[in-house]
Amino acid sequence: MVHYELVTEWKALKSLVVYYSFEKNVKFVGDLIAKELGAEILELKLEKEPKSKDYMKYYLGEKQVLMKTTPKLQPYQLKLKDFDLIIIGTPIWSGTFAPAIRTFLMQEKIEHKKIALFYCFTVKRGRISNHFKKALKGNNIISEIGFKEPLQEELELIQKRIKRWVQKLLNCMATDK
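Numbering-wise (numbering that gives the first Met the number 0), the sequence shown opens with residue 0 and increments by one.
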């Protein structure tokens, strides 16, 4: 349980939830996390989103992952240096983060930050933790959580998991000061 003073100190800290969402699962979870935490949101958008409505879009996404492409993102205004905690969310594609997240991480060159991770998947998590640790070397990854097809779950269950996870983040941030 977090002591009252720690929670009031937390309110002075700034947090950001940044995510890329292909089929709205990550957006759904990211928006709930941001609401629970009182965080700002940065939804990454590609300059050219895949237009295909069938399985071809998955093939194109998988091809981008395997070739480690970095698709161009739409511009955004936030500066990561202004935040104490950065929470990054992604769908899992071929066991790793989406190409839009790869672009974001390469553009921002995040260093010496407290990071939390969340991801959504259909089948399995793969080695996403290892991929993030490599890409975010020099940062402190304080926690991560995965959601299997969250739009298929009961809202109340997802909210409870998020509430517990956010409390864990608050505890980590309060004791890490």
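Beta carbons are placed, not taken as given, at the ideal position from N, Cα and C, and that holds for glycine.
This structure is a prediction, so every number in the text was calculated from the model and none was measured.
Contact test: residue i Cβ vs the ligand FMN heavy atom, cutoff 7 angstroms
| i | result |
| --- | --- |
| K67 | Ligands displayed in this structure: none; no statement on the ligand FMN is therefore possible. |
Sequence-distant residues of the same chain with beta carbon closer than 8 angstroms to residue i, five excluded per side
| i | result |
| --- | --- |
| S142 | A115, L116, W164, K167, L168, C171 |
| L12 | D83, L84, M172 |
| K206 | The chain is shown from 0 up to 176; residue 206 falls before or after that span and cannot be answered. |
Sequence-distant residues of the same chain with beta carbon closer than 6 angstroms to residue i, five excluded per side
| i | result |
| --- | --- |
| L77 | L41 |
| Q73 | K44, E46 |
| K71 | E46 |
| V16 | G29, I32, A33, A38, I40, I86 |
Residue j beta carbon less than 8 angstroms from that of residue i
| i | j | result |
| --- | --- | --- |
| D83 | S128 | no |
| T180 | H130 | Any answer about residue 180 is impossible in this case: the structure gives the chain only from 0 up to 176. |
| M105 | T68 | no |
| F21 | A97 | yes |
| L79 | I109 | yes |
| I144 | K132 | no |
Alpha-carbon to alpha-carbon, residue j and residue i
| i | j | result |
| --- | --- | --- |
| D81 | K112 | 11 angstroms |
| F120 | G137 | 26 angstroms |
| G125 | T89 | 13 angstroms |
| Q158 | G29 | 11 angstroms |
| Y18 | V122 | 20 angstroms |
| Y118 | E153 | 17 angstroms |
| Y75 | N24 | 22 angstroms |
Residues near residue i in its chain [Cβ-Cβ closer than 7 angstroms; skip 5 each side]
| i | result |
| --- | --- |
| F27 | P149, L150 |
Whole-angstrom C-beta distance between residue j and residue i, which should lie under 8 angstroms
| i | j | result |
| --- | --- | --- |
| I32 | I86 | 6 angstroms |
| I161 | E39 | The Cβ separation is near 17 angstroms, so there is no contact. |
(message) Give the list of continuous alpha helix (DSSP H) stretches no shorter than 4 residues that lie fully inside the segment 113-176.
(response) 127-134, 154-174
(request) Taking only runs that begin and end inside the segment 11-44, name each unbroken beta strand (DSSP E) of 3 or more residues, in chain order. (result) 14-19, 39-43
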